[in-house]
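Residue numbering for the sequence shown follows my numbering, beginning at 17 and increasing consecutively.
First the structure, in the form of C-alpha cells, and then the observations on it.
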Amino acid sequence: MVRAPGRVNLIGEHIDYCGLPVFPMALQRGIRMTFQPRPDPEARFINRDPRFAPVTFTVAESIRPAPAGDWGNYARAAAQAVAQRFPNLRGVNALVETDLPIAAGLSSSSALVVATALAILHANSVTLPALELIELLSRGERYVGTAGGAMDQAIIIGAEAGCAIRIDFHPLRLTPTVVPADWLFLVAWSLVHAEKSGADRQAYNERTKQCEEAHRLVAARLGRQEDPSYAGLLAAASVEELLDVARATLSGVLLRRFRHVVTEATRVRLAEMAMARGEEGDLTAFGQLLDASHASLRDDYEVSHAELDRLVELAREAGAAGARLTGAGFGGSIVALVRAERAAEVMAALRERFYAPRGVAGDVGQHLFVAESAAGAGVLDSEAV
Ligand code: GLA
C-alpha cells in the first residue's frame with residue numbers, strides 16, 4: 017500500500033512557478049492506494065468513491081489522455097513519466113481511497129500522481145532518489161495541461177512530520193523548520209470546488225504567462241535581459257527598488273502580478289524566520305504575514321473568491337492570528353494560524369457562522385480540521401499493512 021499525503025501551503029502562493037521558495041507542510045489526510053503488480057503493462061484503477069469511474073490504460077512512454085477533468089489523467093501522467101524513465105514496466109491493479117476533500121486546494125491530484133508513481137516503481141522493484149522523483153513528476157503532471165510548479169510533488173514526497181518545509185527551486189532543496197508546539201494551523205474548505213484540471217486551469221496558466229512577461233519587461237528595464245529568474249532580480253535589488261522599476265515599466269494587471277510575486281517572496285522569508293524563533297510575538301508576526309498574503313492574492317493576483325474572503329474574515333474575528341487562501345485559489349480552502357488553546361473556539365465559530373448557514377454543520381469534520389504536519393509519501397509493505 018502507498019500512502020501519499022495532501023498538503024497545505026502555509027505561505028508562498030503562486031510563486032513556485034516563478035522559481036521562488038515556498039513554505040508548505042504535508043497533511044495527515046491523503047490518498048491510500050492498495051496495489052498489486054500485474055504480469056503485463058496494463059494498469060487498472062478503481063476508486064472507492066463511486067463518483068470516479070474505473071480507469072484502465074497501458075503503461076507506456078506515450079499514453080493518450082482522457083478528456084480534461086478525468087481523474088484518471090493524474091494516474092496516466094504518473095505512469096507516462098515513470099515509463100519514460102524506465103522501459104518495459106509492468107502495470108498494477110490498484111484501489112484508491114482518500115480522506116482529503118477533493119478539489120479543495122489540498123493537492124489530492126498531486127497525491128494521486130505520487131501514489132501512482134510509487135506503486136508502479138515498487139511493482140517493478142525500481143527506485144529513484146526523492147529529488148529526481150520530484151523533478152520527474154512535477155514535469156510529468158503537466159500532462160493534465162496545467163503549467164504548475166513543483167511545490168506539490170516536492171512536499172508530498174519530501175515532507176517531514178512535525179515540520180514545515182521551505183522548498184527552493186533550481187536547484188531543488190528542502191529545508192525543514194519545526195512547527196512550534198502551541199501553533200496550530202486550521203484548514204477550512206470554502207465548499208467551492210477548485211478544479212486544477214477544469215475551468216480554473218486557464219486562469220492559472222494565464223497567470224504563469226503574465227509573471228513571465230512582467231519579469232521579462234522589468235529585467236530588460238534593469239539591463240538584465242540575460243537574467244532568467246525572479247530570484248536573480250531579488251538578489252540584485254531590494255523589493256522597494258524593484259517595485260519602483262515595475263511602476264515605471266508595467267501597468268495594470270502586469271504590475272499587480274509582479275507586486276504579488278516579489279512581496280510574497282519576502283513574506284516567505286520572514287514567515288520561516290518567525291516560525292524558527294517560535295516566540296509569542298512571532299506567532300503574531302506569522303499571522304500578519306498570512307493576512308498580507310491573502311490581501312495580495314485577492315487584490316493583486318485576483319485568485320480569491322467571496323467564500324474564501326468570508327472564511328478568512330470569520331477566522332480572524334474568532335481569534336486566529338491570521339488567515340489566507342491556500343493552494344491555487346478560485347475556491348478551495350483557507351489556512352488559519354491559531355494558538356493551540358484558541359483552536360476549539362475558532363473552529364466552533366466557523367461551524368456556527370460559516371458551515372451552519374450553508375447547511376453542512378452536520379459533517380463539518382470533513383471540511384474543517386487541524387492540520388497535523390505529516391511525513392512524505394511512502395510504500396508500506398504487505399506485512400506492515
Ligand atoms: C497549484 C500548483 C502549484 C502552485 C499552487 C499555487 O497547487 O500545482 O505548483 O503553483 O497551485 O501556489
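Every residue, glycine too, gets a C-beta built ideally from N, C-alpha and C.
Remember, it's a predicted structure, so these values are computed and weren't measured experimentally.
For I150 versus A170, is the C-beta distance shorter than 8 angstroms? Taking the first residue of the sequence shown as 1, we reach residue 150 at position 134. Taking the first residue of the sequence shown as 1, we reach residue 170 at position 154. For I150 and A170, yes; Cβs fall inside 8 angstroms.
Contact check, V261 vs L238, beta carbons under 8 angstroms: Along the sequence shown, one-based indexing puts residue 261 at 245. Along the sequence shown, one-based indexing puts residue 238 at 222. Contact flag set, yes.
Got a sec? Which residues, its chain only, sit under 6 angstroms from R340 by beta carbon, not counting five neighbours each side? Here residue 340 refers to the residue found at position 324 of the sequence shown. Contacts found: L306, S309 and H310.
Specify, as a first and last residue, the run of the beta strand (DSSP E) that S3 falls within. Residue 3 lies beyond the residue range present for the chain, which begins at 17 and ends at 401; the question has no answer from this structure.
Does F102 pass the burial test, meaning 16 or more other C-beta atoms within 10 Å, or should it be called exposed? Walking along the sequence shown from the start, residue 102 turns up at place 86. Exposed, because fewer than 16 other Cβ atoms sit within 10 Å of the Cβ of F102.
Would the beta-carbon of P57 fall within 8 angstroms of that of L105? Within the sequence shown, the letter at position 41 stands for residue 57. Within the sequence shown, the letter at position 89 stands for residue 105. Yes, Cβ-Cβ distance for P57 and L105 is below 8 angstroms.
For a quick check, are the C-beta atoms of V278 and L313 less than 8 angstroms apart? One-based indexing of the sequence shown puts residue 278 at position 262. One-based indexing of the sequence shown puts residue 313 at position 297. Cβ distance not < 8 angstroms, so V278 and L313 don't count as in contact.
Beta-ladder partner(s) of S349, from DSSP: Within the sequence shown, the letter at position 333 stands for residue 349. According to DSSP, which records beta bridges pairwise, S349 is partnered with W205 and T342.
Cβ-based burial, L384 [other Cβ within 10 Å; buried from 16]: Locating residue 384 in the sequence shown gives position 368, counting from the first residue. Classification for L384: buried.
Could you check which residue in A20, L188, V18 and G35 has the C-alpha nearest to that of H231? Here residue 231 refers to the residue found at position 215 when the sequence shown is read from its first residue. For the residues A20, L188, V18 and G35, the minimum Cα distance to H231 belongs to G35.
Which first and last residues belong to the alpha helix (DSSP H) in which Q304 is found? Position 288 of the sequence shown holds residue 304. Note, Q304: alpha helix (DSSP H), E296 to D315.
Whole angstroms is fine: what's the gap from R60's alpha carbon to F73's? For the purposes of this step, residue 60 is identified with residue 44 of the sequence shown, where counting begins at 1. For the purposes of this step, residue 73 is identified with residue 57 of the sequence shown, where counting begins at 1. R60 and F73: Cα-Cα distance of roughly 7 angstroms.
Within 7 angstroms: the Cβ of E29 and any heavy atom of the ligand MN? Only the ligand GLA can be found as ligands here, which leaves the ligand MN out of the picture.
When the distance is taken between beta carbons, is V129 closer than 8 angstroms to E148? Counting from one through the sequence shown, the residue named residue 148 turns up at place 132. Counting from one through the sequence shown, the residue named residue 129 turns up at place 113. Against a cut-off of 8 angstroms, the Cβ pair of V129 and E148 comes out as no contact.
Where in the region 101-147 do unbroken runs of the beta strand (DSSP E), each at least 3 residues long, occur, reported from the N-terminal end onward? 108-114
Straight-line gap, H321 to D397 (C-alpha atoms, nearest Å): For the purposes of this step, residue 321 is taken as the residue at position 305 of the sequence shown. For the purposes of this step, residue 397 is taken as the residue at position 381 of the sequence shown. One C-alpha to the other measures close to 42 angstroms.
Using a threshold of 8 angstroms, state whether the C-beta atoms of I79 and R92 are closer than that. In the sequence shown, residue 79 corresponds to position 63, counting from 1. In the sequence shown, residue 92 corresponds to position 76, counting from 1. Cβ distance < 8 angstroms, so I79 and R92 count as in contact.
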